[in-house]
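Under our numbering, read the sequence shown as residues 94 to 597, first letter to last.
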Amino acid sequence: MTGLSRLANSKTTRTRDGSIFDPSADIWSYRDNSVTVHLDFSELRAERPFRECAKAVLRWYAENKSASHLMNLFDRLDHFLNAQKSPVWQIDSAMLLSYRASLPIRRAWYFGTLGGLILKWRALGYEGITEDAASLIKGSRVAGNQKGEAVLTLNARSGPLTDVESQAIGSALEAALKSGLVSEDDYLLAQLFILLGQRAVQYAALKIRDLELIESSDGTKSYLLRIPRAKQRNQSSRHDFRERLLVPRVGERLHRYCMQLQGCFCNEFLEVGDMPMFPAKRGFKEAPPKFRLHRTSYSLAETFIRTLRKLNVMSERTGEPIHIAPLRFRRTIGTRAAIEGHGELVIAELLDHNDTQNVSVYTQAVPQIIERIDRAVAMHLAPLAQAFAGVLIDNESQALRKDDPASRICGPHIDPAMRPMGSCGQHDFCGLMAPVACYTCRSFQPWRDGPHEAVLQYLLDERERFVKQADVRIASVNDRTILAVAEVVRLCAERPVGRSAMNG
């Protein structure tokens, strides 16, 4: 068979990112930067000559494309072969037509991916694909991967997070770091997923030299993160980069963390900067030299999911813990950008797309995202959101700092009579804006007879004012606080004087 002698005689090949493996083996198992590859050709439901041709074709993908793309093609071929009645020795048009007809709508894109493999197979000159099969593929309009449904429908499990959900996760993550529930490195990884919305494979390729501290002439410090693009065709995972400015509180902490890493692992590499930002506990011998301590993208994604699941943050939409998946935070970034009025080019750049074909869904979804929150809606969602984290007390005599007048929380712009909303149980300095920020704070002890209805109405009026000004992003900033205040109002109404209660 054409070209197979080269495969049989070759015991090593090098991937695009520098990994080396034996392409003649039935099992390809190697580490390609941040991805672990494991392909078992002996399990393909095909005759031996066909499997050898498949190896030769997929070898080209291993040498020229990403590991993820290679594994996707193998999976699509495996799925097609398993759909046949007997082991395959060649693919013809009848088999393709039958396979395409058997695919449900959500998997119609399988045929398109398989078609690309078949055309490359023919172009490389290997046997196993009939001429009529190639002609069918060339003349077919095939569906791409179904995109945008989770965003357009605002799916509560797989779609973008609401502002209330995002704020709740952010608050819980900060509290978990402070209490020791979440480690420093897991916290920083989670922040990058949440704030930047990039792919796990990009974070897995990060090295400590990708973070740059920039000091201006007036002493102001900025933190610039160069993120490997990773998913670009025909290029290594660290060939191109996108630059992202980090918010100071995260940038400063990440910079300090990287300096600590540099001290711990300064003898591991010829160049200190090659230290991965999120290193593995042990090296991978099969990985390219400069990636031996890099964790896999799967490992980082699992760490992120595990970290946020610890927080057990509830969704106001379902009344259940928020479903955690990295893709949801990526979709949230795109959705927020669309709400803020950014066009498709900006959204594509934020999400690191090469073009705009996959981002129009975000601009289409904006009308559905803009929701009205009135008192009735707030009172209904409040118990589900569990945004109020403090303790309801009858009066000041039950407060932790009952003898300290400075602990009283008032808001003259909300209640001119200066009636206290409650007490602050924290002795340290607090830089939050009272009284609005207090309702989502664990140290807040609202009084049962406080003017909470006035606070709720004030926040609802402010939200409506911003909505009328077409500034939806600003309008939604206090949505979680609205639900927290609504919960206090609800608790005050249902609990008799003399009984205090903690929400959550």
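Even for Gly, the Cβ is constructed at its ideal location relative to N, Cα and C.
For residue i versus residue j, is the C-beta distance shorter than 8 Å?
i	j	result
Phe74	Asn126	Since the displayed the chain opens at 94 and closes at 597, residue 74 lies outside it and no answer follows.
Leu137	Leu174	yes
Leu338	Arg468	no
Ala482	Ala579	no
Asp333	Arg322	yes
Ile113	Asp133	no
Glu156	Arg107	yes
Pro253	Thr428	yes
Asp110	Ser330	yes
His416	Arg199	no
Val128	Ala160	yes
Arg512	Pro539	no
Arg566	Glu433	yes
Pro419	Ala293	yes
Ile466	Arg556	yes
With a threshold of 16 other CB atoms inside 10 Å of the CB of residue i, please say whether the residue is buried or exposed.
i	result
Asp496	exposed
Cys523	exposed
Arg388	buried
Cys517	buried
His506	exposed
Gly208	buried
Leu485	buried
Cys357	exposed
Gln284	buried
Ala568	buried
Leu306	exposed
Arg421	buried
Met407	buried
Arg402	exposed
Asn533	The question names Asn, but residue 533 in the sequence shown is Thr. Thr533 comes out buried.
Met352	exposed
Gly273	exposed
Ala510	exposed
Rounded C-beta distance between residue i and residue j? I'm assuming under 8 Å.
i	j	result
Leu229	Ser195	Not quite, the Cβ-Cβ distance comes to about 15 Å (not below 8 Å), so this is no contact.
Arg541	Cys585	5 Å
Leu304	Leu347	6 Å
Can you find the residues in the same chain that come closer than 8 Å, C-beta to C-beta, to residue i, ignoring five residues on each side of it along the sequence?
i	result
Ile426	Leu289, Gly290, Leu443 and Leu444
Val340	Leu288
Val529	Gly504, Val548, Leu552, Asn571 and Thr574
Val439	Ala430
Leu354	Ile301, Met368, Met370 and Pro372
Leu282	Tyr296, Phe371, Leu393, Thr396, Phe397 and Thr400
Glu489	Lys495, Arg501, Pro513, Ser516 and Trp540
Tell me which residues share the same chain as residue i and place their Cβ nearer than 6 Å to its Cβ, disregarding the 5 neighbours each side in the sequence.
i	result
Ser309	none
Ala380	Arg124
Glu345	none
Gly263	none
Thr456	Ala431
Arg169	Tyr203, Thr206 and Leu207
Phe377	Arg124 and Arg385
Tyr192	Phe173 and Ala176
Gln519	Ser536
Spatial neighbours of residue i within its chain, please: CB distance less than 7 Å, with the 5 preceding and 5 following residues excluded, ordered by chain position.
i	result
Ser103	Pro116 and Ser117
Ala226	Ile184, Asp185, Ser186, Leu189 and Ile211
Arg302	Gly366
Leu576	Val257, Glu409, Ala471, Leu474, Ala475, Ala478 and Ala480
Leu404	Ile262, Ala265, Leu266 and Ala269
Glu546	Val582
His162	Tyr154
Thr449	Glu437, Leu438 and Ala441
Tyr280	Leu266 and Leu270
Phe286	Phe397, Pro419 and Phe422
Arg144	Phe134 and Leu137
Give me whichever residues DSSP pairs with residue i in a beta bridge.
i	result
Glu395	The partner list for Glu395 (beta bridge, DSSP) is empty, contrary to what the question assumes.
Asp602	This structure cannot settle anything about residue 602, because the visible part of the chain is limited to 94 through 597.
Thr106	Phe114
Lys300	Pro369
Val470	Answer by DSSP bridge pairing: none, since Val470 is not bridged.
Gly515	Ile502 and Pro539
Pro253	According to DSSP, Pro253 bridges with nothing at all.
Ile184	Ile222
Asp125	Val128
At the 8 Å Cβ level, is residue i part of the contact set with chain D, yes or no?
i	result
Gly543	Reference to chain D is not applicable here, since this structure consists of a single protein chain.
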